[in-house]
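**Student:** Right, I'll just put the structure down here and ask away after.
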Amino acid sequence: MKKKVSLFVVICLLVQFCGYSQPVLSNETIKDQIEKYKNDARGPYKSIRWFCDNGTVRQPKDPCPDSIGGVQHATYKEEVEALAKSNHIFLGQILSYTDKNDFWDEPKNHSRLKQYQLGKYLARIDDGWINQKGQFYRGAIQIEDEEAWGIKFYKWLLAKDNVLEKKYYLVLQSLKDIPHKGDDNVSQLMRVQSKVISDLYPKFMDLRVKIHSNPEITDIEKTIQFKKENSTKINKDISIKIDELILTLQKFHKPIHLKSLNKKINALSANASLTNKLTTFVKNNADKDIPATLTAESAKMLIAIRQEIVNEKKAFQRLLLLDIANELENFIYKQAALWTPYTVGEQLDKINALAMASAGNGSIELWEWQKIEPLLALEKQDQLSISELTKKLESARSVVEWSSAMVKSEYHDVVQIYTGFEPKAYSFIDDRIRSSIALQLGKSVGELGSFIAKESSLNNKVLSVTNQSTIRGLNPGYAFGELVVHSGPPEEIEVTADKIYVFERAPSDLKPVAGIATVAEGNLVSHVQLLARNLGIPNAALSNENLEELKAYQGKKVFYAVSNKGTVFIKEELAMSAEEKALFAKKVRKEDKIEVPVQDIRLDQKNIVNLRDVNAKDSGKLCGPKAANLGQLKEMFPDNVVEGFVIPFGIFREHMSQTMPGQTISYWQFLTNMFIEADKKRGQGIAEHEIEKFQLGQLETLRAAIKTMPLKPGFVTEITHSFTSVFGKPIGSVPVFLRSDTNMEDLKDFTGAGLNLTIFNTLEKDKIIQGIKDVWASPYIERSFKWRQKYLLNPENVFPSILVIPTVDVEYSGVLITKGISSGNEQDLTIAFSRGAGGAVDGQAAESYVIKENGDYELISPAREAYHNTLPATGGTGKKVATFERAILNANNIDQIKSLASDIRKTLAKKTASNYKGAYDVELGFKENKLWLFQIRPFVENKKALGSEYLESITPKINTKKEILLSTPL
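Letter by letter, the sequence shown follows residues 0 to 969 in numbering that gives the first Met the number 0.
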């Protein structure tokens, strides 16, 4: 069910579903349609017609008069047009038949353009895809008309300055697919042909992997030899496809001459700055044959085009410049493959050039390049310490990750929708990454990482995976269990607490697991990351390639450990040492569990409390820590915290004393009986999974009953009065957040972050009343229960209070940790922000920084979320498309955060008479540059993991001051 819901949400984002009267078609229906089109001689098309410039339509043998003009092409089948209206899915798009605004599709994040690109990819890898037979339908598509339309489209599009500022990467990518100059994208064709052959003849897989990951001119001879060796085993169709691939390989590896750019350069404005730079660039480099020089100089030219293209005001001139940029990227891709650095210094030079080229082709934003360039550049140095070299490696690895994230951000939604009815679409993003400079950069970063690992003894040991330098630990811990590797949406599978999972991205509502590793790290301070860090769950980041290689170990029992320095170990069960096996010897689980203190809980408070009247001392007694600590912040920072009120534990408990519908006992007794019965079953030796199944069934019954629970009339009256007295407006006129706030959060050794429900921005009285019941029911959902059951001694004693605060429609929001998470420095700060509300906590690819003890700050990662939440005054949530051309946080924001952190460190413990000396986790946001505080809690790390003798034993002792000459051979 979850998978269907998430797909529905994505479709809603792209089609604005509520605006359509036709129902959204199911994936199965679309899949059946596609199969039908594949076997139809006309594919998705109905008939051929002439479309005249005066608006008339003529039969195929009755062309438009020369005096009028027009184009000939196919019309769509009725069901194809209906699918576009119901699902916003466009099959077999004919450009000359399309309105330019509709194709750019800005309200839906350019979905239609991206679908065109994806459709072209599917046609390349699947013999025409929906046009397997329709590709021979004469007159359906006229390439000269498509190219003419493409030129008109780009002249229209590139007249807009903001398009190049906000969507440079997408525009540059689209030029590779939309006909406008008669050129083919040979690198894409090469990869597609090799994939098709390996799908038909699996023995070709090794060569396919080689062509995809490290294309070299030797691939031509290897492919010819492969055909000879397998000539008696392959059929005629495969033989023809191999011949076609050989021709493509020869075309791809044919030397590119910079002089070929002169035709386009000569068409540019004669006096323009870029024209002069391009002319000089070609003149100075055309006769050179040194890959290092050509790569570095071409990267400088590529980024210059991006930086200065907006100065050229004519749209067609911009089009020429972008075509030159794509040719330069292709040139750099090939030259980088020929560049073989022999020393550490040369490798750093290559990495710097390819990182610059990544900024030039839009894979990272210009402001991001400005932040990372000083960290990559070599000054006049002849040696670097291991520490300095590692810093450069981390910065270079960041560029690879940011580049890959840009591709995913642009295309993920469209690929996810298409994968639902066409699984072959899933490989589109990987194909885009592999066809870009990121492939060469990633290879170079891996080589540098291997060198540093050898010099520092900081080696990962992850089965037989290659390029292990792309794997890095995030949270220390160790685990043993079955390895599950899943490259699709994580919501597709049900996780269990005894398995180790490798995902492309972590689900935001992760249930208990033994260990986790992800391609998309998300951010360091999401609820999932905080839970993993808090509970000692090993957690690592890896590359797409690493994930694919780990699939060979799917279903095997493995040992998984992440050291305190981030080294990662994964080995099969048979390779475990006696010490590692001893880590999982049977123990009394109670030793590892936490008891929630309930002796001081006050259930006698049965009236709503103003937020101003609670503070930290009320946490776990009157209400949960969210409300108590926010009340404390209200006292300390009155102008930065909203007004609010609290529905304490006592009101919840009073309502749970009512008789439960369909029962003769109260809600509370029903819950108590469930735990008593579970203990009886344990005493009878019943399997734990059967007991859990029983408990989850009972909790589902309880949860449904709480959601329909009658609220006491006096309580409803008090809620209504509280809106007027606290917010100054009647209920129904102030949108509010209803935040679950239990006594089982922010404990000394258990954070409980993100386990229960928050109702966003609800306005109407009926929805607020229902929301209160939904929040009360949320501690009994499966995920919340499983986490508590696994780590708490007395999970039955959960009491939810509710914090009610008015909505602040922040422009961006996030999390502050008053500690350097990645640096380990207690005096540093870690911050992560996303655009809109609810930023960073749900695992978004957030803009993250470490703020150093000296006040300087360093970008860890930029934001890469395609959409962000808005909170309209009418209630509910909206979605807005995000762009990345500017940083989220400005210098003033960061100064405010530094000042806040300083005040918290100096005064919070004193104000609360606490002996707590650790870091804090703060949720906050900005609206019109004003800082708003929403939550504060202790930042809880797992002391057992941090102090583990085993983890300490696998943490190498590194001499970070060891000097490495840049002339050292690799």
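For every residue, glycine included, the Cβ atom is placed at its ideal position computed from N, Cα and C.
Would you report the Cα separation of residue 154 and residue 822, rounded to the nearest angstrom?
**Tutor:** Taking the first residue of the sequence shown as position 1, residue 154 is located at position 155. Taking the first residue of the sequence shown as position 1, residue 822 is located at position 823. C-alpha separation (whole angstroms): 48 Å.
**Student:** Can you name the residues that DSSP bridges to residue 485?
**Tutor:** Taking the sequence shown and counting its residues from 1, one reaches residue 485 at position 486. 502.
**Student:** Less than 9 Å between the C-beta atoms of residue 987 and residue 870, yes or no?
**Tutor:** Limits of the chain in this structure are 0 at one end and 969 at the other, which puts residue 987 out of reach.
**Student:** How close, in whole Å, do the beta carbons of residue 854 and residue 818 come, if the pair is a contact with beta carbons under 8 Å?
**Tutor:** Looking up residue 854 in the sequence shown gives position 855. Looking up residue 818 in the sequence shown gives position 819. The pair is not a contact, with the Cβ atoms about 16 Å apart (cut-off 8 Å).
**Student:** Could you spell out where the alpha helix (DSSP H) holding residue 41 opens and where it closes?
**Tutor:** Translated into the one-based positions of the sequence shown, residue 41 becomes position 42. Here residue 41 belongs to no alpha helix (DSSP H), and DSSP marks it neither H nor E.
**Student:** Do you know offhand how far residue 34's Cα is from residue 895's?
**Tutor:** Counted from its first residue, the sequence shown places residue 34 at position 35. Counted from its first residue, the sequence shown places residue 895 at position 896. Between residue 34 and residue 895, the C-alpha separation is close to 58 Å.
**Student:** So who's on the other strand from residue 308, going by DSSP bridges?
**Tutor:** Here residue 308 refers to the residue found at position 309 when the sequence shown is read from its first residue. Paired residue(s): none; residue 308 is not in a bridge.
**Student:** First and last residue of the beta strand (DSSP E) that includes residue 474?
**Tutor:** Stepping through the sequence shown from its first residue, residue 474 is reached at position 475. Run containing residue 474: 471-474, per the beta strand (DSSP E) assignment.
**Student:** Report the CB separation of residue 597 from residue 622 in whole angstroms; it is logged as a contact under 8 Å.
**Tutor:** By 1-based counting over the sequence shown, the position of residue 597 is 598. By 1-based counting over the sequence shown, the position of residue 622 is 623. Not quite, the Cβ-Cβ distance comes to about 14 Å (not below 8 Å), so this is no contact.
**Student:** Report the rounded CA-to-CA distance for residue 46 versus residue 74, giving the unit in angstroms.
**Tutor:** For the purposes of this step, residue 46 is identified with residue 47 of the sequence shown, where counting begins at 1. For the purposes of this step, residue 74 is identified with residue 75 of the sequence shown, where counting begins at 1. Spanning the two alpha carbons is a distance of roughly 6 Å.
**Student:** Hey, would you say residue 541 sits closer than 9 Å to residue 650, going by beta carbons?
**Tutor:** Mapped onto the sequence shown, residue 541 falls at position 542. Mapped onto the sequence shown, residue 650 falls at position 651. Not a contact, by the Cβ cut-off of 9 Å.
**Student:** When the Cα atoms are used, what is the spatial distance from residue 369 to residue 859?
**Tutor:** Indexing the sequence shown from 1 puts residue 369 at position 370. Indexing the sequence shown from 1 puts residue 859 at position 860. Going by the C-alpha atoms only, they are around 13 Å apart.
**Student:** Are residue 257 and residue 152 close, meaning C-beta to C-beta below 9 Å?
**Tutor:** As a working note, residue 257 is residue 258 in the sequence shown. As a working note, residue 152 is residue 153 in the sequence shown. Result no, Cβ atoms of residue 257 and residue 152 do not sit closer than 9 Å.
**Student:** Once the 5 residues before and after residue 920 are set aside, which same chain residues still bring their CB inside 6 Å of it?
**Tutor:** Here residue 920 is taken as the residue at index 921 of the sequence shown, counted from 1. Correct list, in chain order: 816, 936, 938.
**Student:** For a test of the three-state rule: what should DSSP assign to residue 798, helix, strand or coil?
**Tutor:** Within the sequence shown, residue 798 is the residue found at index 799, counting from 1. Coil at residue 798, not helix or strand.
**Student:** What first and last residue would you give for the beta strand (DSSP E) that runs through residue 834?
**Tutor:** Counted from its first residue, the sequence shown places residue 834 at position 835. Note, residue 834: beta strand (DSSP E), 828-834.
**Student:** Need the endpoints of the alpha helix (DSSP H) that residue 249 sits in, please.
**Tutor:** Taking the first residue of the sequence shown as 1, we reach residue 249 at position 250. Here the alpha helix (DSSP H) through residue 249 covers 235-251.
**Student:** Can you tell which of 781, 732, 214 has its C-alpha closest to the C-alpha of residue 756?
**Tutor:** Position 757 of the sequence shown, counted from the first residue, corresponds to residue 756. Measuring from the Cα of residue 756, the nearest candidate turns out to be 781.
**Student:** Rounded C-beta distance between residue 384 and residue 962? I'm assuming under 8 Å.
**Tutor:** For this step, residue 384 is matched to residue 385 along the sequence shown. For this step, residue 962 is matched to residue 963 along the sequence shown. Their Cβ separation, rounded to whole angstroms, is 6 Å, which keeps residue 384 and residue 962 in contact under 8 Å.
**Student:** Since residue 738 and residue 801 should fall inside the 8 Å C-beta cutoff, what is the C-beta to C-beta distance between them, to a whole number of angstroms?
**Tutor:** Here residue 738 refers to the residue found at position 739 when the sequence shown is read from its first residue. Here residue 801 refers to the residue found at position 802 when the sequence shown is read from its first residue. Their Cβ separation, rounded to whole angstroms, is 7 Å, which keeps residue 738 and residue 801 in contact under 8 Å.
**Student:** Taking a contact to mean a Cβ-Cβ separation below 9 Å, would you say residue 966 touches residue 342 in this structure?
**Tutor:** Position 967 of the sequence shown, counted from the start, is the residue given in the question as residue 966. Position 343 of the sequence shown, counted from the start, is the residue given in the question as residue 342. Yes, Cβ-Cβ distance for residue 966 and residue 342 is below 9 Å.
**Student:** Tell me the DSSP secondary structure of residue 290 in three-state form.
**Tutor:** One-based indexing of the sequence shown puts residue 290 at position 291. Correct three-state label for residue 290: helix.
**Student:** Near residue 272, which residues of its chain fall below 8 Å by C-beta distance, leaving aside the five closest residues on each side in sequence?
**Tutor:** If you number the sequence shown from 1, residue 272 lands on position 273. For residue 272, where only same-chain residues beyond five positions count, the Cβ hits under 8 Å are 307, 310.
**Student:** Here's the rule I'm using: 16 or more other beta-carbon atoms within 10 Å means buried, otherwise exposed. How should residue 472 be labelled?
**Tutor:** Indexing the sequence shown from 1 puts residue 472 at position 473. With 16 or more Cβ atoms within 10 Å of its Cβ, residue 472 is classed as buried.
**Student:** Would you tell me roughly how many angstroms separate the C-alpha atoms of residue 803 and residue 434, rounded to the nearest one?
**Tutor:** Here residue 803 is taken as the residue at index 804 of the sequence shown, counted from 1. Here residue 434 is taken as the residue at index 435 of the sequence shown, counted from 1. Roughly 50 Å separates the two Cα atoms.
**Student:** Expressed to the nearest angstrom, what Euclidean distance is found between the alpha-carbon atoms of residue 675 and residue 478?
**Tutor:** Numbered from its first residue, the sequence shown carries residue 675 at position 676. Numbered from its first residue, the sequence shown carries residue 478 at position 479. If you take the alpha carbons of residue 675 and residue 478, they lie about 31 Å apart.
**Student:** Could you spell out where the alpha helix (DSSP H) holding residue 167 opens and where it closes?
**Tutor:** Taking the first residue of the sequence shown as 1, we reach residue 167 at position 168. From DSSP, the alpha helix (DSSP H) with residue 167 extends over 167-173.
**Student:** Helix, strand or coil: how does DSSP classify residue 895 here?
**Tutor:** Taking the first residue of the sequence shown as position 1, residue 895 is located at position 896. It is helical.
**Student:** Please report the straight-line C-alpha distance between residue 574 and residue 695, rounded to a whole angstrom.
**Tutor:** Within the sequence shown, the letter at position 575 stands for residue 574. Within the sequence shown, the letter at position 696 stands for residue 695. Cα to Cα, the separation comes out at about 37 Å.
**Student:** Roughly how many whole angstroms lie between the Cα atoms of residue 883 and residue 293?
**Tutor:** What you label residue 883 is simply residue 884 of the sequence shown in a count that begins at 1. What you label residue 293 is simply residue 294 of the sequence shown in a count that begins at 1. One C-alpha to the other measures close to 30 Å.
**Student:** Whole angstroms is fine: what's the gap from residue 353's alpha carbon to residue 164's?
**Tutor:** Indexing the sequence shown from 1 puts residue 353 at position 354. Indexing the sequence shown from 1 puts residue 164 at position 165. Going from the Cα of residue 353 to the Cα of residue 164 covers about 22 Å.
**Student:** When you compare only the Cα positions, how much space is there between residue 458 and residue 468?
**Tutor:** Reading the sequence shown from its first residue, position 459 is the one you call residue 458. Reading the sequence shown from its first residue, position 469 is the one you call residue 468. Roughly 8 Å separates the two Cα atoms.
**Student:** Please report the straight-line C-alpha distance between residue 987 and residue 142, rounded to a whole angstrom.
**Tutor:** The shown model of the chain, from 0 to 969, leaves out residue 987, and the question about it has no answer.
**Student:** With a CB to CB cut of under 8 Å and the five nearest residues on each side skipped, what residues in its chain are close to residue 114?
**Tutor:** If you number the sequence shown from 1, residue 114 lands on position 115. Around residue 114: 88, 89, 92, 413, 417.
**Student:** Please look up how many angstroms separate the CB atoms of residue 146 and residue 179, rounded, as I've assumed it's under 8 Å.
**Tutor:** The sequence position of residue 146 within the sequence shown is 147, counting from 1. The sequence position of residue 179 within the sequence shown is 180, counting from 1. Yes, residue 146 and residue 179 are in contact; Cβ-Cβ is about 6 Å, under 8 Å.
**Student:** Among 260, 600, 461, 134, which residue has its Cα nearest to the Cα of residue 549?
**Tutor:** Stepping through the sequence shown from its first residue, residue 549 is reached at position 550. That would be 461, whose Cα lies nearest to the Cα of residue 549.
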